[in-house]
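Residue numbers (my numbering): 93 to 223. Glycine is no exception: its CB is placed at the ideal position from the N, C-alpha and C atoms. Computed from a predicted model, the values in this text were never measured in an experiment. Heads up: the structure comes next, in structure tokens.
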């Protein structure tokens, strides 16, 4: 009997470090895809991740119900209006949103936070008055 050779190990490229926010956005996206898959299975009996992602893209590109319905019809998905409305609402409420980068006023506010408490909380720095 010939000895078995060990299978060659595939080297993996080092994973790109991801921030906590990127990981959270990814989990929110997966949750949305799963919810859309669940709705599709309940209403039309199809559980397809690719279809769910396509519907999410259509909903993000067409933010009003008439535009979303038109986009669905153009792509061959003739869903009832109430089901399309549910899908659009799910995407609008569950879709992850990236936080904007801090603007100049926010950066200057952070820089001014090193000032004393009387400058930062002027309303709280008023001396107590006798009753």
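| Check | Outcome |
| --- | --- |
| Assigned exposure category for residue 118 - 16 Cβ within 10 Å defines buried | exposed |
| Residues near residue 124 by beta carbon distance below 8 Å, same chain, minus five either side | 148, 182, 183, 186, 187 and 188 |
| With 16 other Cβ atoms within 10 Å as the buried cut-off, status of residue 113 | exposed |
| DSSP state of residue 188 mapped onto helix, strand, coil | coil |
| Endpoints, the alpha helix (DSSP H) within which residue 165 is located | 157-166 |
| Residue 134 versus 171, 217 and 221, residue with shortest Cα-Cα distance | 171 |
| Residue 178 versus residue 218: straight-line alpha-carbon distance, rounded | 52 Å |
| Contact belief for residue 139 with residue 132 at Cβ below 8 Å, rounded distance in angstroms | 7 Å |
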